[in-house]
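Asker: Here it is, the structure, as structure tokens.
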Amino acid sequence: MTPILIAIGVGCSTTLLWLAGTLLLGGSRRVPPLKLAESPEAHERAGVMSVMRWFGSMLRFGRSSNPGSGTQQEADQPGWSRRIDTLVTLCAHPSAVWKSRRRLRRIREQLPDALEVMARALRAGHAVPTSLAMVVEESADPLRREFALVVEAMRFGKSLPEALKELASRVDVEEVRFWVTCLLIQRETGGSLPHMLDEVSRLIRARMEFAAKVKAVSAEARFSAVVLSGLPLVVGGLISVINPEYLSPLWTTSVGQAMAATALGLMGCGIIVMRRMTRINL
47 MTPILIAIGV GCSTTLLWLA GTLLLGGSRR VPPLKLAESP EAHERAGVMS
97 VMRWFGSMLR FGRSSNPGSG TQQEADQPGW SRRIDTLVTL CAHPSAVWKS
147 RRRLRRIREQ LPDALEVMAR ALRAGHAVPT SLAMVVEESA DPLRREFALV
197 VEAMRFGKSL PEALKELASR VDVEEVRFWV TCLLIQRETG GSLPHMLDEV
247 SRLIRARMEF AAKVKAVSAE ARFSAVVLSG LPLVVGGLIS VINPEYLSPL
297 WTTSVGQAMA ATALGLMGCG IIVMRRMTRI NL
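When we follow our numbering, the leftmost residue of the sequence shown carries the number 47, and every step to the right adds one.
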């Protein structure tokens, strides 16, 4: 049981450190919650692994850590290799979520330039579908891929509103939904579309600049929170390396296991509280 408990403890510690870094160093911008029970296709496009798949893989590799279960090939695997497999599985889902959020942040940063390209194309006399195609040519991934899906959908017979609504539902970025809403309203009410795109681009840039200022002002407090969150784990790891027998009761006795689980839970609650204290919704 000891190798399994060690692997679970290391995995929980790594997950807590990742959670602290993501929540406390992620800035003041509000990150939309992960809707893991809805739209699995959108999650696959965003690079997010399903939670059920993550837990299934974790249990599968966790069983391989027990020589008395699984196949003979798994039982013959070295103990350190089984623990590494379990740790990698525990860290796979947080890594996928981080990559997804980084991708959405990149789309948010690219959107103002794309809207300016659309505005210039419209002033030159091009139609909206043509301006979207020009954005595909001028932009880089990941925004280029999303706009390419819109252009491709219109080529296969979908109307512009339908393609834009699919884009807004596929990309969980508030600025994209705002732009799609403005464009659909403009098509019904009329007005200067290039001017509207310029104003939306200016508004998005202003929000990004303000978010960067808030992030810079609160950087010290957020970094201090990360240090306070990770210090117990680092000190515990050093003590385990220097004197393994000192902390062994935490893993070998039922009382120690309960104390370790309680400590990890309290650390998680502390991270959430510090996140609430340092976050400013824009």
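Glycine is no exception: its CB is placed at the ideal position from the N, C-alpha and C atoms. Here the structure is a predicted model, which is why all the values come from computation and not from measurement.
Closer than 8 Å by C-beta to P207: which residues in its own chain qualify, once you throw out the five before and the five after it? Chain order, please.
Answerer: L230 and R233.
Asker: Assign P332 to one of two classes, buried (16 or more other C-beta atoms within 10 Å of its C-beta) or exposed (fewer than that).
Answerer: Since the first and last residues shown for the chain are 47 and 328, residue 332 lies out of range.
Asker: Beta-carbon within less than 7 Å of R152's beta-carbon, same chain only, minus the 5 sequence neighbours each way: which residues are those?
Answerer: P188
Asker: With distances taken Cα to Cα, identify the nearest neighbour of A271 among Q156, G316 and R169.
Answerer: G316
Asker: How big is the Cα-Cα spacing for V280 and V319?
Answerer: 21 Å
Asker: Taking the alpha carbon of M200 as the reference point, which residue from A258, R321, R251 and A179 has its own alpha carbon closest?
Answerer: A179
Asker: Can you list, in chain order, the residues of its chain with a C-beta nearer than 6 Å to that of E162? Leave out the 5 residues immediately preceding and following it.
Answerer: S247
Asker: Could you give the DSSP three-state label for P290: helix, strand or coil?
Answerer: coil
Asker: In the DSSP assignment, find the alpha helix (DSSP H) that holds S215 and state where it starts and stops.
Answerer: L206 to R216
Asker: Can you give me the start and stop residues for the alpha helix (DSSP H) that T235 sits inside?
Answerer: E220 to T235
Asker: So, is L277 buried or exposed, given that buried needs 16 or more other C-beta atoms within 10 angstroms?
Answerer: exposed
Asker: What span of residues does the alpha helix (DSSP H) with A258 cover, start to end?
Answerer: For A258, the uninterrupted alpha helix (DSSP H) segment begins and ends at L239 to V263.
Asker: Could you tell me the alpha carbon to alpha carbon distance between L210 and R325, rounded to whole angstroms?
Answerer: Distance between the alpha carbons of L210 and R325 is about 31 Å.
Asker: Which whole-angstrom value describes the C-beta separation of G282 and L293, a residue pair presumed to lie in contact below a C-beta threshold of 8 Å?
Answerer: Going by Cβ atoms, the distance from G282 to L293 rounds to 7 Å, so yes, they are a contact pair.
Asker: Between the alpha carbons of L213 and V174, how many angstroms are there, rounded?
Answerer: 15 Å
Asker: What is the DSSP secondary structure of S275, reduced to helix, strand or coil?
Answerer: helix
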